[in-house]
Structure formats: C-alpha cells, structure tokens
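*Asks:* In terms of the working numbering, the sequence shown opens at residue 18 and continues consecutively.
Ideal Cβ positions, reconstructed from N, Cα and C, are used throughout, including at glycine.
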Amino acid sequence: MNNPKQLIFPFQVNQKASFENFFCSSDNRYLITRLIHFVSSNDVDELIIGGEKGAGKSFLIQAICNELAAKDKKFAFIPMKKAINMGADIFQDLASLDAVCVDDLQLILASGDWEKALFNLINDCQQTSCSLILSIGATQPLDEVTRLPDLLSRIKRMEFLTLRAVQDEQLQQALKFVSEQLDINIDTAELDFLLKHQTRKFSLLVENLLLLDQQAASLKRRITIPLIKETLKL
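Structural data, given as structure tokens:
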C-alpha cells in the first residue's frame, strides 16, 4: 500500500490501520461494509463515525486514509488531539482535495472559532464535491454542545454511523484476532492472564499487547506470564 499523501499537514497515519486489521463484530458489519463501499466507489459522501472512547474510531479514520492513498486520492488527515493547537485556520483551502478526514470532532464543538471554521469547511466541500469523513466520541447530545445553529443543522444532515465497542464476551476472540493480524506470538494462557489482570477496555488491551510485543522483541524473549507481570508492573 502506498504511503498516505500528507499534502497539507504532517500528521502521521498508522500504516497498519486497515479494514482487514480491524476486528469486526456482528454489531459493526454494516458500518464496515458502508466504509468499504465509500473508499471503493467514487461517491461523494458526508459521514460521521460515532462511538464511545476506545471503540476504534481513530483506527478506522486512518484505515480510510490508507485506502484513499492506495487509490491515489488526495486527502487531509486531521487528528484534532494534535491539530487543535494549530488554530481553526487549518480548515481553510481543503475543499480542493478528494476527501477531508477529521478525527475527534467533539474536541472542537462549543468553540466559536472552530465551529465557524467547520461550518465553512462543510459548505466548501459541498460546493467542490469533496468527501468529508468525521469521527466523534461519546459526549453530550450535539444539541447541547453545538453553539452555532447552522452548523448543528449541517451535521445532522450527515450520515451517522455508530461504532460499537467490543463486548466482554468478545475480548478474547478480538485479542487473538489482533495478535494474528499483527504477527504477535502470544499463547491463549497469556491472553487469558491479560484479560483477568488488566483493563477490560479493548483499546487499552491492544496497547498493552503492542507494548508486550515490543518488549519481547527487545529482550529476545517470548511473551510469557512473567514477562507480562514485569512489563505491566502486575
């Protein structure tokens, strides 16, 4: 897959983010099918991916970016956790691209300058046939946090897709899937130990899995229960 075309900003896209590497539970099949259709077609869309923190929204936004790059599309990836310090002017002059992908929209709602800039971006994208893909974390209802009525109206017209978090009964299957996709050598007993002694939040479990893989490679050891205890301070 080609490297994403970061034509505007230097924000790095996770090269391992792909639909193939995303654990898709039955709750999320429609959402993934819809996103695959978006990147495989030439349709111009306005999509919002919503869901609770840690559900995988940022991963999917970056997966979309990688797919767009593979199709030689011009896009901007804007993770608001980093971009918010750059000022609302970063939304200017983006509508000439094929797509604009903004992650963590909730961070800029209720801010007058950012809301106005987003409103203008939406209007510009509509005029130039530029797709707009947004993600928003679980927060207060949009009606309560969005100050600009016209922006609220624009957002509500977009297609809203809900990303469901991995449920407790799916965690072992999901972690096994991720370890296989990322070529992380970890046995069932070690996965069970992680699930019993660590957070039940999937995104944090994946972070710990990646940390363990890095530590095991550094020490030239297998991922064992003693290594897990040592690395994660258990």
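Just to confirm before moving on: does the CB-CB distance between N225 and Q215 stay below 9 angstroms?
*Replies:* Taking the first residue of the sequence shown as 1, we reach residue 225 at position 208. Taking the first residue of the sequence shown as 1, we reach residue 215 at position 198. In this structure, Q215 lies closer than 9 angstroms to N225 by Cβ.
*Asks:* Give a yes or no on whether the C-beta atoms belonging to L188 and L222 are separated by under 9 angstroms.
*Replies:* Taking the sequence shown and counting its residues from 1, the one referred to as residue 188 is at position 171. Taking the sequence shown and counting its residues from 1, the one referred to as residue 222 is at position 205. A contact, by the Cβ cut-off of 9 angstroms.
*Asks:* Please confirm if the stretch 80-91 is in contact with the stretch 28-39, defined as three or more CB-CB distances below 8 angstroms between the two stretches.
*Replies:* The stretch 80-91 is in contact with the stretch 28-39.
*Asks:* Taking 9 angstroms as the cut-off, decide whether the C-beta atoms of L149 and L64 are in contact.
*Replies:* Your numbering for residue 149 matches position 132 in the sequence shown. Your numbering for residue 64 matches position 47 in the sequence shown. Contact flag set, yes.
*Asks:* Just mark A93 as buried or exposed, buried being the case when its beta carbon has 16 or more other beta carbons within 10 Å.
*Replies:* Counting from 1 along the sequence shown, the entry for residue 93 is found at position 76. Result: buried.
*Asks:* Can you tell which of N45, I53, R164 and F55 has its C-alpha closest to the C-alpha of G67?
*Replies:* Within the sequence shown, numbered from 1, the residue matching residue 67 stands at position 50. Minimum Cα distance to G67 is reached at N45.
*Asks:* Just how far apart, CA to CA, sit M18 and D89?
*Replies:* For the purposes of this step, residue 18 is taken as residue 1 along the sequence shown, with counting starting at 1. For the purposes of this step, residue 89 is taken as residue 72 along the sequence shown, with counting starting at 1. Its pLDDT being 38, under 50, M18 is placed unreliably in this model, and the coordinates cannot settle the point.
*Asks:* Can you give the Cα-Cα distance for T205 and V195, rounded to whole angstroms?
*Replies:* The residue you call residue 205 lines up with position 188 of the sequence shown. The residue you call residue 195 lines up with position 178 of the sequence shown. Rounded to the nearest angstrom, the two C-alpha atoms are 13 angstroms apart.
*Asks:* Would you mind giving the Cβ-Cβ distance between L159 and L169, rounded to the nearest angstrom? I have them listed as a contact below 8 angstroms.
*Replies:* Against the sequence shown, residue 159 aligns to sequence position 142. Against the sequence shown, residue 169 aligns to sequence position 152. Contact holds; Cβ gap of about 6 angstroms.
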